[in-house]
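K.L.:
Protein sequence lines, in the order shown, are assigned to chains A and W.
Going by this note's numbering, the letters in the first sequence line up with residues 1 to 191, in that order.
Going by this note's numbering, the letters in the second sequence line up with residues 1001 to 1191, in that order.
There are 2 protein chains.
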Amino acid sequence: MSPRTKIQLEENRLATETRILKSALTIFSSQGFAGASIRKIARDAGISDGLMYNYFKSKEVLALAVLKSSFQTLDETIIYDETKSPEENFKQSVNNFIDLIQKEKTKIRLLAQMGLHEKKFNQLNQATTARYEESVSKFSEIFRAMKIENPVFEARILVASLDGIVFESLLMDQPFSLEKFRENLIKKYCT
Amino acid sequence: MSPRTKIQLEENRLATETRILKSALTIFSSQGFAGASIRKIARDAGISDGLMYNYFKSKEVLALAVLKSSFQTLDETIIYDETKSPEENFKQSVNNFIDLIQKEKTKIRLLAQMGLHEKKFNQLNQATTARYEESVSKFSEIFRAMKIENPVFEARILVASLDGIVFESLLMDQPFSLEKFRENLIKKYCT
DNA sequence: GTCTATACACGGATAGAC
DNA sequence: GTCTATCCGTGTATAGAC
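1. Would DSSP call A/M1 helix, strand or coil?
2. In angstroms with no decimal places, state the Cα-to-Cα distance between A/K103 and A/F97.
3. Taking W/F1212 as the reference, give the member of W/F1181, W/V1152, W/G1164, W/I1108 with the closest Cα.
4. In the DSSP assignment, find the unbroken alpha helix (DSSP H) run with W/E1133 in it and report its ends.
5. For the ligand SAH, any of its heavy atoms closer than 8 Å to the Cβ of W/L1100?
6. Compare the C-beta of A/A65 against all C-beta atoms of chain W and say whether one is closer than 9 Å.
7. With a threshold of 6 Å on Cβ separation, who are the neighbours of W/R1156 within its own chain once the five nearest residues in sequence on each side are excluded?
8. Check for me: the alpha helix (DSSP H) holding W/M1052 runs from which residue to which?
9. Have a look at A/M1 and A/I7 and give me their C-alpha separation to the nearest angstrom.
10. Applying a beta-carbon distance threshold of less than 8 Å, which residues of chain W neighbour A/Q8?
11. Cβ of W/T1016 less than 9 Å from any chain A Cβ?
12. Where W/I1079 and W/N1089 are concerned, what is the direct C-alpha to C-alpha distance, given to the nearest angstrom?
13. With a 10 Å radius around its C-beta and 16 neighbouring C-beta atoms as the bar for buried, classify A/E168 as buried or exposed.
14. Which residues mark the beginning and the end of the alpha helix (DSSP H) in which W/K1091 is found?
15. Report, in whole angstroms, the separation of the C-beta atoms of W/G1164 and A/S161, which I expect to be a contact under 8 Å.
16. Based on Cα-Cα distance, which residue from A/G32, A/T26, A/K59, A/Q31 lies nearest to A/A45?
17. Sort A/Q123, A/R13, A/P175, A/E134 by Cα distance to W/N1125 and report the nearest one.
18. Taking 8 Å as the cut-off, does the segment 136 to 155 of chain A touch the segment 1141 to 1148 of chain W (at least 3 CB pairs, one atom from each stretch)?
19. Nearest by alpha-carbon distance to W/F1033: which of W/L1067, W/S1140, W/M1052, W/K1057 is it?
20. Give the DSSP-derived three-state secondary structure of W/S1037 in the structure shown.
21. Tell me the DSSP secondary structure of A/E149 in three-state form.
22. Compute the Euclidean distance between the alpha carbons of W/Q1072 and W/E1017, then round it to the nearest angstrom.
23. Please list, in chain order, all residues of the same chain as A/K40 whose beta carbon is under 6 Å from its beta carbon, the five residues on each side excluded.
24. Would you check if the distance between the CB atom of W/L1100 and the CB atom of W/L1074 is smaller than 9 Å?
25. Interface residues of chain A around W/R1109 at Cβ under 9 Å?
26. Could you spell out where the alpha helix (DSSP H) holding W/K1188 opens and where it closes?
27. Does A/A34 get closer than 9 Å to chain W when you measure Cβ to Cβ?
28. Do you know offhand how far W/V1061's Cα is from W/N1150's?
29. Nearest by alpha-carbon distance to A/S30: which of W/M1114, W/A1036, W/Q1123 is it?
30. Between which two residues does the alpha helix (DSSP H) harbouring W/S1058 extend?
31. Specify the secondary structure class of W/K1022 as computed by DSSP and reduced to three states.
32. Going along chain A, which residues have a C-beta under 8 Å from W/Y1189?
33. When DSSP labels each residue in this structure, what does A/T106 get in the three-state scheme?
34. Nearest-angstrom Cα distance between A/T128 and W/A1042?
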C-alpha cells in the first residue's frame, strides 16, 4: 500500500505539496488572505488541517510560497530581442501578455488580491513596481526602434492599457474580447 | 447633556451613521470584506459593537451600504456634452477621471477589493461592466466627432489606459506621475 | 440610543496517537 | 506522513440594563 523506498516517500511528499499549493492558489485567489482558511485549503487538497503545518509552518508562509510561485510565472512576458525586428518584438510581447491574462487568470487575481491589502505583503508592491518599470523600458526601446514619437510616453500608455485590460477582465462580467484587443493593437502599431 | 428634541435625536443618529460609514469605508477598503471586522469598524467610529447592529443589521448590509455610496461618487466622470467641442469634452473627461483617482483612492480601492471577491458582491461586477460600456460609448462619440480613425477601438484603448493607471496607482509603490500622464494624454489627442 | 455581557461558530495552531 | 482531538483567540450577532 504505502510506498517503501525513500524516493517514493519524497515523491509522495512533493505530490502533496503540489496539491496544497494548487488549492491554496485557488482559495487565496478567490477569497483573499483573510477570507481563505487553512481548513478550506486543506479540505480542497484532500488532507487534514494538522498536516498542513507539516508542509507550511503558518498561513502566512503558505501565502508567501503561493505568491512567489505565481509571480515567477509572469517572467519573460515583455521582451526586447535586438536580433529581431521591433515589430516582431512588439507582436511577441503583446501576444505573450494577452495569452498570460487568459491562461493565468487565477494567479493574476491572487497578485491583485494580495497587493490591495494595505501593509501586509508590501514586498509584492515593490516587485510590481519593478516589473512595471521594466515593461515600460522594454516597450520604450521597441517604440524608439520603430521611430515612434515620444516613445517613453507611448510605452506608458501601452502598458497602462495592458494593465487596464487585466483589471477589466478581473472585475467585469463580460469583458471586451481580448482577441479583438490583440488584433487591433497589432494592427494599430504594426502597419 | 443629551439632546432633547426629536430633531436633535435624528441629527445625532445621522451623525453616528455617517461616522460608521466613513470608518467602514476605511477598514473595508484596506482589509477587504473578510479582513475587516465589526469590532475594528466600531472602534474606529468610537462606538460599541452592539450599537453597530442598531444601524446596520449585519456586516453584509453595512458593506453594501458603503459600496453603494462609493459607487455613486463615480458618476458623471466621462461626459459628452454636444454643445461643447469634442476637445473640450475630452479634456474635461480625462481631467475628471484623473482627479477622481487622486481624490477618491479609498473608495476606488474598496470597489476593487470587493469586486475581486468571487461570487459575493457580483452585482458590483455588473455595475462595473455597465459603467465601462458607458465610458467607451462616450469616448467613441468624442473620437468620432474628432474624426479619429477607428473611434470605438481608440476609445477602448483609452478607457483601458485609464483603468490601467487606476490599477497601477493601487498596486504600486510609486506609480508614474498622474500629472504627467494627464498632460501627455491631452497633448497627444488635442493637437 | 448606547453600553456591557454573553452565546456561539469559526479559524489558526499544537499535541499526541498511529 | 497522516489523522483526530483540542486549545484558545477572534468575530458575528443578540439580550438586556440604563
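For glycine and all other residues, C-beta sits at the position ideal for the given N, C-alpha and C.
P.N.:
Let me spell this out:
1. Along the first sequence, read from residue 1 onward, the residue named residue 1 of chain A stands at position 1. Reliability fails at A/M1, whose pLDDT of 43 lies under 50, so the model's placement of it is uncertain and the value that follows must be treated cautiously. Coil.
2. Here the question's residue 103 of chain A lines up with position 103 in the first sequence. Here the question's residue 97 of chain A lines up with position 97 in the first sequence. Taking the straight line from one Cα to the other gives about 10 Å.
3. This structure does not reach residue 1212 of chain W, given that chain W is present from 1001 up to 1191, and the question cannot be answered.
4. Stepping through the second sequence from its first residue, residue 1133 of chain W is reached at position 133. 1122 to 1145 is the extent of the alpha helix (DSSP H) around W/E1133.
5. Inclusion of the ligand SAH in the displayed structure is not the case, the ligand content being empty and no account of it being possible.
6. Residue numbering aside, residue 65 of chain A sits at position 65 when the first sequence is read from its first letter. Answer no: the Cβ-Cβ gap between A/A65 and chain W never drops below 9 Å.
7. Within the second sequence, residue 1156 of chain W is the residue found at index 156, counting from 1. Excluding sequence neighbours, W/R1156 sits near V1136.
8. To locate residue 1052 of chain W, count along the second sequence from 1; it is residue 52. W/M1052 -> alpha helix (DSSP H) spans 1049 to 1055.
9. Counting from one through the first sequence, the residue named residue 1 of chain A turns up at place 1. Counting from one through the first sequence, the residue named residue 7 of chain A turns up at place 7. Low confidence applies to A/M1: its pLDDT is 43, below 50, so where it sits in the model is not reliable, and the reading given next is rough at best. Counting only the Cα atoms, A/I7 lies some 15 Å from A/M1.
10. On the first sequence, residue 8 of chain A is found 8 positions in, with the first residue counted as 1. Those do not exist, as A/Q8 stays about 37 Å from chain W at its closest Cβ, beyond 8 Å.
11. In the second sequence, counting from the first residue as 1, residue 1016 of chain W sits at position 16. No - not a single Cβ of chain A is within 9 Å of the one on W/T1016.
12. By one-based count along the second sequence, residue 1079 of chain W stands at place 79. By one-based count along the second sequence, residue 1089 of chain W stands at place 89. Straight-line Cα distance between these residues: approximately 6 Å.
13. Along the first sequence, read from residue 1 onward, the residue named residue 168 of chain A stands at position 168. With 16 or more other Cβ atoms within 10 Å, it is buried.
14. The residue given as residue 1091 of chain W occupies position 91 in the second sequence. Its alpha helix (DSSP H) spans residues 1086 to 1103.
15. As a working note, residue 1164 of chain W is residue 164 in the second sequence. As a working note, residue 161 of chain A is residue 161 in the first sequence. Indeed they touch by this definition, with Cβ atoms about 6 Å apart.
16. Within the first sequence, the letter at position 45 stands for residue 45 of chain A. The residue from A/G32, A/T26, A/K59, A/Q31 with its alpha-carbon nearest to that of A/A45 is A/T26.
17. Taking the first residue of the second sequence as 1, we reach residue 1125 of chain W at position 125. Of all alpha-carbon atoms in A/Q123, A/R13, A/P175, A/E134, the one lying nearest the alpha-carbon of W/N1125 is that of A/P175.
18. no
19. As a working mapping, residue 1033 of chain W is identified with position 33 in the second sequence. Nearest C-alpha to W/F1033: W/L1067.
20. For the purposes of this step, residue 1037 of chain W is taken as the residue at position 37 of the second sequence. Residue state, collapsed to three classes: coil.
21. Start at 1 with the first residue of the first sequence, and residue 149 of chain A comes out as number 149. A/E149: coil per DSSP, three-state reduction.
22. On the second sequence, position 72 is the one that residue 1072 of chain W refers to. On the second sequence, position 17 is the one that residue 1017 of chain W refers to. Cα to Cα, W/Q1072 sits roughly 18 Å from W/E1017.
23. As a working mapping, residue 40 of chain A is identified with position 40 in the first sequence. Counting only Cβ-Cβ distances below 6 Å, and skipping sequence neighbours, we find I27.
24. In the second sequence, counting from the first residue as 1, residue 1100 of chain W sits at position 100. In the second sequence, counting from the first residue as 1, residue 1074 of chain W sits at position 74. In this structure, W/L1100 lies near W/L1074, with their beta-carbon atoms less than 9 Å apart.
25. Taking the first residue of the second sequence as position 1, residue 1109 of chain W is located at position 109. In chain order: L116, E118.
26. In the second sequence, the residue the question calls residue 1188 of chain W occupies position 188. Counting along the chain, the alpha helix (DSSP H) containing W/K1188 begins and ends at 1178 to 1189.
27. Taking the first residue of the first sequence as position 1, residue 34 of chain A is located at position 34. A/A34 counts as touching chain W.
28. For this step, residue 1061 of chain W is matched to residue 61 along the second sequence. For this step, residue 1150 of chain W is matched to residue 150 along the second sequence. Approximately 44 Å between the Cα atoms of the pair.
29. Position 30 of the first sequence, counted from the first residue, corresponds to residue 30 of chain A. Here the closest residue by C-alpha is W/M1114.
30. Indexing the second sequence from 1 puts residue 1058 of chain W at position 58. That residue, W/S1058, is in no alpha helix (DSSP H); it is neither H nor E in DSSP.
31. On the second sequence, residue 1022 of chain W is found 22 positions in, with the first residue counted as 1. Per DSSP, reduced to three states, the secondary structure at W/K1022 is helical.
32. For the purposes of this step, residue 1189 of chain W is identified with residue 189 of the second sequence, where counting begins at 1. Taking the beta carbon of W/Y1189 as reference, no residue of chain A falls within 8 Å; the closest one sits roughly 11 Å away.
33. By one-based count along the first sequence, residue 106 of chain A stands at place 106. A/T106 falls in the helix class under three-state DSSP.
34. On the first sequence, residue 128 of chain A is found 128 positions in, with the first residue counted as 1. On the second sequence, residue 1042 of chain W is found 42 positions in, with the first residue counted as 1. If I take the Cα positions, the gap works out to 34 Å.
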